[in-house]
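If you read the sequence shown in the UniProt record's numbering, its first letter stands for residue 1, the second for the next number, and so on.
Note that beta-carbon positions come from the ideal geometry of N, C-alpha and C, so glycine has one too.
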Amino acid sequence: MTTSIRPTALDTVEAYVAALGRGDMEAVFALLDPEVEWFVPGDAALVPWAGRRTGHAAMRAWFPLLAGAGERKDFELYGMAVLGSDHVLVNGRFVFRMHATGAVYDDEFVMRFTVRDGRITAYRIYEDSLALAHAYRG
């Protein structure tokens, strides 16, 4: 008899954060559902990576937008919390120096992930989007 062990939502999000941290985009996309719903609040006219994205193709365009905006100076995870069987909240802080302006964006955040069958199906970040726009635009 073979038993299969399904990853928990927390396992999936921990694997995603680790893969992203080491720049392993193949592993990142293996953890994203092909129809993942990705939402970053804000005005895309002010901050190009803001808005709603759906699916791998949109995400393959999104990651370089974010990475090209600035240099990560610090990233700290405070912790993760599981809500029910398929939601994970990730709390932490990041600091970026924006390429266009040289301004520093230093903020705490909460990311909400929805996970089903070992894949991330939805993402939303809660951050100070106004401060982010000011840092990015000057």
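Can you tell me which of the three DSSP states residue 134 falls into? In this structure, residue 134 counts as helix in the three-state DSSP scheme.
Quick one: grab the DSSP three-state call for residue 23. Assigned with DSSP and collapsed to three states, residue 23 falls in coil, not helix or strand.
Which term fits residue 9, buried or exposed, when burial requires 16 or more other beta carbons within 10 angstroms of its beta carbon? Taking a 10 Å sphere around the C-beta of residue 9, we find 16 or more other C-beta atoms and assign the residue as buried.
According to DSSP, is residue 47 helix, strand or coil? Reduced to three states, the DSSP call for residue 47 is coil.
Which ranges does the beta strand (DSSP E) cover as unbroken runs of at least 3 residues, wholly within the segment 27 to 99, from first to last along the chain? If we require 3 residues or more, the beta strand (DSSP E) runs fully inside the segment 27 to 99 come out as 32 to 40, 51 to 54, 70 to 83, 87 to 98.
Leaving out five residues on either side along the sequence, give the residues of the same chain with a beta carbon under 8 Å from the beta carbon of residue 56. So the list reads 29, 32, 34, 36, once near-sequence residues are dropped.
Quick check on residue 127: does DSSP put it in helix, strand or coil? DSSP places residue 127 in coil when its eight states are reduced to three.
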